[in-house]
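Number of protein chains: 2
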Amino acid sequence: MENVTIRMLAERLQLSTATISKALNNSHEISEETRQRVLALAAELNYVPNPYASSLRKKASNTIAVVIPEVADSFFAEAINGIEAVAQEKGYHVLIYLSHENSQKEQTILKDFQSGRVDGVLISVTTETTAAGLEQLVRDKPVVFFDRVCEEVKAAKITTDDAAAAYRATNHLIAGGCRRIGLLSASRQLSISNKRAEGFQQALLDHQLPLLPNAITYCTNDSAANHQLLKTAFLENNYDGIIATTEKLSTAVYEVCEALQWRIPDDLQVIGFSNLSTARFLHPSLTTITQPAFEMGKAAATLLFRALKSNNFPLQQQQEVIPSSLIARNSTLAKDK
Amino acid sequence: MENVTIRMLAERLQLSTATISKALNNSHEISEETRQRVLALAAELNYVPNPYASSLRKKASNTIAVVIPEVADSFFAEAINGIEAVAQEKGYHVLIYLSHENSQKEQTILKDFQSGRVDGVLISVTTETTAAGLEQLVRDKPVVFFDRVCEEVKAAKITTDDAAAAYRATNHLIAGGCRRIGLLSASRQLSISNKRAEGFQQALLDHQLPLLPNAITYCTNDSAANHQLLKTAFLENNYDGIIATTEKLSTAVYEVCEALQWRIPDDLQVIGFSNLSTARFLHPSLTTITQPAFEMGKAAATLLFRALKSNNFPLQQQQEVIPSSLIARNSTLAKDK
DNA sequence: TTTATTTACTTAACCGATTAAGTAACACGG
DNA sequence: CCGTGTTACTTAATCGGTTAAGTAAATAAA
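Quick note, the sequences are listed as chains A and B, same order.
So for the first sequence, our numbering puts the first residue at 23; every next one is plus one.
So for the second sequence, our numbering puts the first residue at 23; every next one is plus one.
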């Protein structure tokens with residue numbers, strides 16, 4: 023059986039396609055009786071409207087894009103859950119794109135959005151992304167940045183309290199007796215990385231602790247390379263405390279400690295930015311800065327849909343900071359929360 | 023600036039829209055000189071074709087759908103990575119839909135696909151799904167099931183060696199001295215759950231061990247309820263070994279053991295189906311059946327794209343079983359692999 | 001009773017690309 | 001010199017909805 027179109031419905035009911043369309047869209051121009059007849063036949067023939075025809079004409083796709091570096095990180099996985107929950111409720115479709123931490127790929131993805139394929143975009147940028155490629159996108163259509171935002175771009179942003187979280191993390195290590203603290207950063211570019219670094223440095227300053235010359239290690243996206251990088255950094259700096267600012271780096275710390283036979287927390291206290299539900303079962307259980315990933319995704323999507331609904335909503339001025347929480351476990355010694 | 027269309031290019035170059043379209047699609051009907059002029063102007067004006075116009079006419083969307091129960095499970099997260107990698111390479115777009123383990127929602131999602139929104143579907147069904155709702159989908163368009171397949175439906179399937187994996191897991195526990203082994207199952211319906219149960223029972227049989235009356239616990243999708251369910255089952259059956267057939271259930275076992283103050287592996291040996299990269303750092307490190315999630319996603323997508331390329335490809339006959347591996351760690355006692 | 005308004009439709013243009021069918025200009029073999 | 005191809009285009013229909021503008025009939029207002 024061919025695909026059922028509006029024209030087929032029209033012919034069967036001896037009505038015009040316009041009437042069918044309006045009936046299906048609950049236009050007040052259509053009598054209740056006719057509407058019911060249309061709806062009945064549509065149900066009977068299992069009519070499903072062609073989204074491409076509709077999108078073409080209406081210049082709206084009922085589709086949003088989610089652009090993230092990867093999904094294999096429980097933060098992004100949870101964020102997608104939050105986004106999808108809102109999108110499903112609003113009847114929107116979600117296109118997912120992975121930039122694989124590659125700003126070139128990201129640019130290619132974003133360029134395609136000029137086609138009108140999506141009505142709005144939720145994005146968490148790569149570690150390499152600069153403002154340049156984002157300006158146009160933000161000018162063109164509703165965009166909400168979440169987690170990995172781009173400071174220089176004026177746009178809606180959902181973040182966590184990155185500086186404060188790092189500050190708390192550092193304090194926590196200091197309270198646990200650490201004096202040679204290192205920070206593992208994912209990027210020199212990312213504003214959230216820089217904010218975390220700032221919070222870290224501020225805490226050291228406030229406690230009159232010196233910033234080690236190599237206190238901050240900038241990691242790459244290659245886990246083998248990172249492993250080597252960390253090993254070297256650990257040995258050279260003889261840290262007694264470390265803050266891993268991403269989930270992958272948290273795991274990497276455990277690996278390197280195992281390789282170096284450093285005991286956590288005796289030789290090295292560890293605190294990691296992570297959303298792993300298994301953090302409490304790690305050996306030793308990992309003290310985490312846990313971001314409200316699901317809520318952040320939900321908040322970002324909610325903001326976007328609000329902008330899509332009323333186009334005079336001042337989306338670009340929206341900023342929301344959702345606090346993260348420090349959960350003290352056995353990879354650190356301090357008792358405070 | 024308005025969106026650049028093919029007509030604008032045509033007017034500027036004093037050519038017909040047909041010529042522009044053909045030039046952009048590398049038709050042999052167009053002279054090299056003209057093609058270059060078109061390409062140059064398109065690049066200059068930053069022309070991006072409207073996908074909806076093109077899809078409407080060509081009746082092909084260059085888009086596939088991925089329907090999964092959720093992403094907050096490292097198996098699905100990794101699988102998406104695999105799928106997206108292939109899709110990006112082939113120039114396809116990926117719509118993601120979460121069924122939230124709800125077959126009603128799943129049906130709603132699948133029904134929409136009759137609209138022609140997507141050219142093909144990759145799906146891992148819910149714990150409740152029955153064959154009924156899937157027949158039509160498979161008839162309508164290319165579909166590849168992965169991991170959670172539906173046995174009764176004749177369609178392409180990518181799975182792991184579920185029965186064999188459970189058989190190995192059970193053997194492993196027996197080798198470690200377990201005699202009262204339980205299995206935590208995610209569903210009564212799911213074929214992969216049933217296969218895992220079969221492998222489990224076969225191994226018991228082969229070792230002349232009795233199947234405990236409540237050897238198999240069927241869990242729900244509610245983690246609080248599961249917690250209670252497991253607690254009761256553990257206490258009633260006094261297991262000395264347990265196989266958790268999903269990642270979430272693996273974590274749940276750790277939680278329940280903590281609550282009951284059962285020590286792993288002394289009081290209970292645990293083996294879990296899981297793709298967590300942190301399994302080795304759990305306390306104690308978790309013996310896992312690890313599925314090649316990325317590869318499965320990749321294989322499923324590859325199969326789908328092959329079918330999309332040549333429509334005489336016998337997709338429905340394709341079956342691929344990608345072996346999983348048992349990684350022995352400290353949550354079990356056996357030394358074998 | 002006449003005019004204005006409302007109701008319930010229809011007609012036809014339109015969204016932006018693709019493509020079947022048509023054509024003018026030119027080349028070439030016999 | 002004629003017919004047949006080939007090249008490089010154009011014309012116009014088409015995909016399947018949506019919507020501005022039009023209309024006939026019924027109803028309300030003057």
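Backbone N, C-alpha and C fix where the C-beta goes; we use that ideal spot for every residue, glycine too.
Bear in mind the structure is a predicted one, so any value in this text is a computation, not a measurement.
Sub-8 Å separation of residue i and residue j beta-carbons
i      : j      : result
B/P306 : B/I286 : yes
B/T41  : B/T56  : yes
A/P345 : A/D183 : yes
B/V116 : A/A99  : no
B/T324 : B/V108 : yes
B/N68  : B/F316 : no
B/F222 : B/L205 : yes
B/D95  : B/K270 : yes
A/D134 : B/V70  : yes
B/A75  : A/L78  : yes
B/F97  : B/D162 : no
A/C241 : A/L226 : no
A/A178 : A/G319 : no
B/A188 : B/I264 : no
B/L337 : B/I86  : no
A/A219 : A/T239 : no
A/V147 : A/E128 : yes
Reduced DSSP secondary structure (H/G/I, E/B, other) of residue i
i      : result
B/Q36  : coil
B/H115 : strand
B/I214 : helix
B/A356 : coil
B/I349 : strand
B/F167 : strand
B/E100 : helix
A/A323 : helix
B/G263 : strand
B/R29  : helix
B/M23  : Low per-residue confidence applies at B/M23: pLDDT is 48, beneath 50, and the placement is therefore not dependable enough to give any value.
A/A255 : helix
B/L330 : helix
A/L227 : helix
B/D120 : The identity of residue 120 of chain B in the sequence shown is Leu, whereas the question assumes Asp. Of the three classes helix, strand and coil, the one that applies to B/L120 here is strand, per DSSP.
B/L304 : strand
A/R59  : helix
A/E286 : The identity of residue 286 of chain A in the sequence shown is Ile, whereas the question assumes Glu. A/I286: coil per DSSP, three-state reduction.
A/A94  : coil
B/E150 : coil
A/H249 : helix
A/S125 : helix
Partners in chain A for residue i, counting only beta-carbon separations shorter than 9 Å
i      : result
B/E100 : V93, A94
Contacts that residue i makes with chain B (C-beta to C-beta distance below 7 Å)
i      : result
A/R170 : Going along chain B, no residue has its Cβ under 7 Å from A/R170, so there is no contact; the nearest lies around 17 Å.
A/R34  : Those do not exist, as A/R34 stays about 18 Å from chain B at its closest Cβ, beyond 7 Å.
A/Y276 : F303
A/H115 : L117
Residues bridged to residue i (per DSSP)
i      : result
A/E342 : A/I180
B/A315 : Answer by DSSP bridge pairing: none, since B/A315 is not bridged.
A/A186 : The partner list for A/A186 (beta bridge, DSSP) is empty, contrary to what the question assumes.
B/S207 : B/Y240
A/V292 : A/I264
A/L144 : A/V88, A/V166
B/L78  : According to DSSP, which records beta bridges pairwise, B/L78 is partnered with nothing at all.
B/T310 : B/G294, B/I349
Cross-chain neighbours of residue i in chain B, by beta carbon under 8 Å
i     : result
A/S77 : Y74
Partners in chain A for residue i, counting only beta-carbon separations shorter than 7 Å
i      : result
B/G142 : In chain order: nothing, as chain A lies at least about 15 Å away.
Interface partners of residue i on chain A, CB under 8 Å
i      : result
B/T273 : S299, T300, F303
B/P306 : H305
B/S83  : Y74
B/N103 : E92, V93, A94, L120
Within chain B, the residues that residue i reaches when beta carbons sit closer than 9 Å
i      : result
A/K133 : N68, V70
A/G138 : N25, V70, N72, P73, Y74
Within 8 Å, do at least three Cβ pairs link the region 139-146 of chain B to the region 118-131 of chain A?
no
Evaluate the contact criterion for the region 348-357 of chain B versus the region 192-212 of chain B: three or more CB pairs, one atom per stretch, below 8 Å.
yes
Mind the definition here: the region 27-39 of chain B touches the region 327-334 of chain A only if three or more C-beta pairs lie below 8 Å; say whether that holds.
no
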